[in-house]
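What follows is a single structure, written as structure tokens, with notes after it.
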Amino acid sequence: MIFFIRRALQDMNNNKFLHIVTIIIITLSILIVSAFSLFFINANDLMESWKKGIRIMAYIQKNTPEVRILDLKLKIAQTGNVKDVRFISKEEALELLKNQMGQQRSLLNDLNGNPLPDAIEVKLKASIENWEEVEAIAARIESYPLVEDVEYGQKLIGRFTNIFQLFRFIGIAMGVVFFMASVFIVANTIRLLFYSRHDEFEIMRLVGATDGFIKAPFYIEGIIQGAIGGIIGITVLFISFWIISSNIDQGFSSYFFSIRFLPFKLSFGIIICSMFAGWLGCFLSLKQFLKT
Amino acid sequence: MIFFIRRALQDMNNNKFLHIVTIIIITLSILIVSAFSLFFINANDLMESWKKGIRIMAYIQKNTPEVRILDLKLKIAQTGNVKDVRFISKEEALELLKNQMGQQRSLLNDLNGNPLPDAIEVKLKASIENWEEVEAIAARIESYPLVEDVEYGQKLIGRFTNIFQLFRFIGIAMGVVFFMASVFIVANTIRLLFYSRHDEFEIMRLVGATDGFIKAPFYIEGIIQGAIGGIIGITVLFISFWIISSNIDQGFSSYFFSIRFLPFKLSFGIIICSMFAGWLGCFLSLKQFLKT
Amino acid sequence: MIEKNNSDYLIRMFHVSKSFVAKSALSDISLDIVKNEFVIITGPSGAGKTTFLKLLYLGETASQGQILIDGKNLSRITRKNIPFLRRTFGIIFQDYKLIHTKTVFENIALVLEAAGNKRSYVQKKVKSVLRIVGMEGRNNSYPPSLSGGEQQRVAIARAVVGNPKIILADEPTGSLDPQSAEIIVNLLKKFHKRGATVIIATHDRELIRTTKSRVINLKEGYVQSPKVITI
Amino acid sequence: MIEKNNSDYLIRMFHVSKSFVAKSALSDISLDIVKNEFVIITGPSGAGKTTFLKLLYLGETASQGQILIDGKNLSRITRKNIPFLRRTFGIIFQDYKLIHTKTVFENIALVLEAAGNKRSYVQKKVKSVLRIVGMEGRNNSYPPSLSGGEQQRVAIARAVVGNPKIILADEPTGSLDPQSAEIIVNLLKKFHKRGATVIIATHDRELIRTTKSRVINLKEGYVQSPKVITI
Ligand SMILES: Nc1ncnc2c1ncn2[C@@H]1O[C@H](COP(=O)(O)OP(=O)(O)OP(=O)(O)O)[C@@H](O)[C@H]1O
Ligand SMILES: Nc1ncnc2c1ncn2[C@@H]1O[C@H](COP(=O)(O)OP(=O)(O)OP(=O)(O)O)[C@@H](O)[C@H]1O
Ligand SMILES: [Mg+2]
Ligand SMILES: [Mg+2]
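Chains as they are written, first to last, in the working numbering: chain A, 187 to 478; chain B, 187 to 478; chain C, 11 to 241; chain D, 11 to 241.
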């Protein structure tokens, strides 16, 4: 094994130009994939933070005793996909309403009594995928006894939720496409690299080298190249990210979500895949060039 | 010229494998760039449609005569970045409010008189880039005589506008990065292709061929490869787009904006750039390999 | 001709032909080569000498006929076993087939490494064989920086470094001056004395004249008037 | 030696040396070759014959000394003019230097196309030269599918197709049988008779013996005892 690694390194040294160009191509491909992943992850975070805006208000029948309200609260909290529940008394509701109304609050000043009902505010889990689910949960809550009526967000946000869904779907699809394209770019680059050297394979075979003996260092080279390209790619992205985000972060994102780099696992996975692409390139080319 | 094109085509035929692999790599690179552009353009459209939600309400002093209101309306309409103005009478405003309040409308039923002011709704142009601009316009409108107060959207949308701005900035930056990465991938691939053939250049030089004679067909090849790769890439993207969008379009997008393919000019530009990348690859490699 | 024991035959060919697309290179060759024979194959350019050698080391497969080497039928050798067959040969290729991106040392060491030899043995053996062909001190040169004759000598060194049972030498003295050629021919003869079977394909009249041995004369793919001279 | 007019000299070398990293290939070579001379350069493997030829066509540049070709100093030739210098040569390379991805026809046609000849002329001329070297009908073969001698003959055809003023032939008969070699030598002599200057680097004693001409003997980069024989 050490012997083969030594041979691989020696060989990379002997064919520096070819290997440098190959690593450049791999680096660029990995940069594309990881940049897109980074973009997508953050866009997705943004979407998630947005979705948290969806709330269901469950209005409670008038004159319900407090204990029963607590029961109901518990019951709603145990409903699927509910993250959090909060009791909002009619007094609190009126105060909120006044705040919301802004200019028009004057309307409420000469009110006699508080005609608003008590309510339970229901926050949903971020795992909610589309508007239909929100509607389903609302219907479920409405069916509970003591619940007079439910009201949920503006239909607007619901529609955007669906568009987010589409966005995420397209994002993932594009990620997969970019990823596959990059793997194939890397693999084909390594094929190109090896094609220019197939005389060498032929000579080695003619002097009695087994296929395994010939292949081993090339696989190692392919994997090393994949690793180097992957690591450089991720590093370049990280540095760019760091420079950009340290200039931008304060300005924009802190309110709703904060920009973050690729999670370690994903970065690591991308490098592993880059190595896999290197391996695949070898596999495809060696399969082809070692035919008799 | 025809002679060189013939030689280029003959040469591509003689080195089929190399050229096919090169074209595959170019195609994949172009696919990445154009897929991202497509994504970005549509995401941008979506953002635009969203931004149209920003409205400024200008509340008018009580008892302003109708003619003066018309004057004001005209004045506001001529303010920079204003797209559209609409007069909303206090009756209409109350009706709208009732609709908005949903469950809580019961509050307004026992109202005596209508305490709301008349208002002018101001729609802004989509060219508005950030929240500060919106604030500036609002301040401007507020300074007009007869305007008692202005109110504009929820601060929420404003913040999202800034995030959109960031999103667009990052999207364009990424597009540029992807684009440059692809150009370099293509250029380096063509270098790899030529490296494997530099014996050939050497032989041609030794038998008395001028650099121009040697280069011409290779440039043509590089450009042809760039063109083929670019066209295939765009075509593949178009077909995928067509298949996906014809399944999705009805479901989601029609409400706010409709998904569209890359504008013709951009597709064309991408192909031109792909050809340029082919040329660049030749330029870099030939410069290197034709040194004495 | 003396009757031979079956096990004395190292190479047997039965009605072997090789044709390429639109071109026949060898036709109906039947001959036997016994162990430790020294055979010269000659004939004009394009007669099929190189093709003859290629058939032996499975660089090409025969279109028709059977070839036995050491009793094994080449048409029955599996792909996996080809490397082991080839290790019984030491081959000097007409175009040398040196790897241009490896040094002289690495080129020769490759044969021994591929056969699984230890590093220290490889080091010693490669150096000694380079000394024999007069290329000591060029260890670290790359083949393109060597003269034609130097490349040929490296190719010869590579062919004999593994102490092969059979040496196939395709025009081994084509790029060499008479003195160097004599050294090489003596080297081949030394291996022959040590027990190797040597098959040389050559045009070199000098070589044919000074080496009294069996000469197989090919012409347009056919064997011409075979004559056997034992040394 | 007869006094020569300055314009009679085609090639003049003054104290020319060529050394590579840690290796000196040619040392202090001074000699003149007149127009229409037929010169043989010989010497053992690694003596510097190929390097000598390379200096003439600027395949390498001299480390020291001056070379004049047709009165032009090679050290003053600009990069742009190198192709035009090279067109005055027809070169048979020791390793042939055929382009493996082009057919025999394309390889030869290249020389004429590079010099800007018309297509119909190229077609006719290439075919006729292939006939002369006995390779008619192999137009569309690729070099790797040719035998060593066949490749050499293609290389020769390429060298002479442009009717060069000077023919440089590096071991032109190394892979050829005596008959083919004779045909080639006669071809070179024919070009010589037509006015070309011919410089052959070779080990082939037969060739040296049968060709009564000036022989320059190199050894380890130095010219040995020059002897001039006029034909
Ligand atoms: N792969 C191939 N495809 C087509 N023809 C081939 C191929 N290999 C060899 N030939 C043809 O077969 C004939 C015999 O070739 P071979 O190389 O055996 O000749 P040779 O005797 O070695 O000649 P030389 O002395 O010139 O090396 C030649 O005419 C050659 O062109
Ligand atoms: N590019 C180079 N780098 C280093 N050494 C070189 C280079 N080219 C040639 N040499 C050395 O210069 C010497 C002369 O080489 P040259 O090719 O001229 O020999 P030659 O006379 O043609 O020999 P042969 O008959 O074997 O072809 C050789 O020892 C060779 O190794
Ligand atoms: Mg041969
Ligand atoms: Mg030489």
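Even for Gly, the Cβ is constructed at its ideal location relative to N, Cα and C.
- Counting only beta-carbon distances shorter than 5 angstroms to the non-hydrogen atoms of ligand 2, the qualifying residues in chain order are C/S155, C/L156, C/S157, C/G158, C/G159, D/F30, D/K33, D/A35, D/S55, D/G56, D/A57, D/G58, D/K59, D/T60 and D/T61.
- CA-CA distance, A/F222 to A/F370, rounds to 17 angstroms.
- Within the same chain, Cβ atoms closer than 6 angstroms to the Cβ of D/R22 are found at D42 and L78, the five residues on either side in sequence being excluded.
- Secondary structure of B/M360 (DSSP, three-state): helix.
- In this chain, D/R204 is not harboured by any beta strand (DSSP E), its DSSP state being neither H nor E.
- D/A119 is outside the set of residues whose beta carbon lies under 8 angstroms from a beta carbon in chain B.
- For C/N127, same chain residues with a beta-carbon under 8 angstroms away, outside a window of 5 residues either side, are K135 in chain order.
- Contact check for C/I210 and C/I50: beta-carbon distance about 5 angstroms, within the 8 angstroms limit, so the pair qualifies.
- When C-alpha distances from D/D180 are compared across D/T212, D/N150 and D/V164, the shortest belongs to D/T212.
- Between B/L378 and A/V207, the CB-CB gap stays under 8 angstroms.
- For C/D214, the shortest separation between its Cβ and any heavy atom of ligand 3 does not lie below 7 angstroms.
- Fully contained in the stretch 59 to 119 of chain C are the following alpha helix (DSSP H) runs of length 4 or more, in chain order: 59 to 66 and 92 to 97.
- Under the DSSP assignment, D/I218 falls in the alpha helix (DSSP H) whose first and last residues are R215 to T220.
- For B/V207, the residues of chain A that pass the 9 angstroms Cβ criterion are N374, T375, R377, L378 and Y381, in the order they occur in the chain.
- Here A/M390 is buried. Its C-beta has 16 or more other C-beta atoms within 10 Å.
- In this structure the stretch 139 to 151 of chain C lies against the stretch 110 to 121 of chain C, because at least three pairs of beta carbons, one per stretch, are closer than 8 angstroms.
- Counting only runs of 4+ residues, the alpha helix (DSSP H) found wholly inside the stretch 361 to 417 of chain B occupies 384 to 392, in chain order.
- Taking the Cβ of C/D180 as the reference point, at least one heavy atom of ligand 3 falls within a distance shorter than 7 angstroms.
- For A/E386, the C-beta contacts it makes with chain C under 9 angstroms involve I109, H110, T111 and K112, in order along the chain.
- Under a criterion of Cβ atoms nearer than 8 angstroms, no residue of chain D is adjacent to B/F226; the nearest Cβ is some 42 angstroms distant.
- Counting the other CB atoms within 10 Å of its CB gives A/S382 a total of 16 or more, which places it among the buried residues.
- If you ignore the 5 residues before and after A/I409, its C-beta comes within less than 7 angstroms of the C-beta of M461, G464 and W465, all in its own chain and listed in chain order.
- Of all residues in the stretch 180 to 214 of chain D, those with a C-beta nearer than 7 angstroms to a C-beta of chain C are E181, G184, S185, L186, D187, P188, Q189, S190 and H213, reading in chain order.
- A distance below 6 angstroms between beta-carbons, with the five flanking residues on each side excluded, links D/K64 to the following residues of its chain, in chain order: E70.
- Apart from the 5 residues on each side of it in sequence, A/A305 sits with its Cβ closer than 7 angstroms to the Cβ of M243, A244, Y245, I246, I274 and A279 in its chain, given in chain order.
- B/L392 is positioned such that its CB atom lies closer than 8 angstroms to that of D/I101.
- A/D257 carries a helical assignment under DSSP once its states are collapsed to helix, strand and coil.
- The Cβ of D/E160 sits closer than 8 angstroms to at least one Cβ of chain C.
- Close to D/P154, with beta-carbon spacing below 9 angstroms, lies no residue of chain B; the smallest spacing is near 13 angstroms.
- Within chain D, no residue has its beta carbon less than 8 angstroms from that of C/G172; the closest one is some 24 angstroms off.
- By the neighbour-count criterion, in which a residue is buried when 16 or more other Cβ atoms sit within 10 angstroms of its Cβ, C/Q161 is buried.
- Nearest CB-CB separation between D/I101 and chain B: below the 8 angstroms threshold.
- Contacts with chain A (Cβ-Cβ distance below 8 angstroms) from the stretch 61 to 77 of chain C involve Y67 and G69, listed in chain order.
- Checking the 7 angstroms criterion, the Cβ of C/Q104 is within range of a heavy atom belonging to ligand 3.
- Neighbours of B/F475 in chain D, taken as residues whose beta carbon is under 9 angstroms from its own, are absent, since the nearest beta carbon is some 14 angstroms off.
- For the stretch 23 to 34 of chain C, residues whose beta-carbon sits nearer than 8 angstroms to a beta-carbon of chain D comprise F30.
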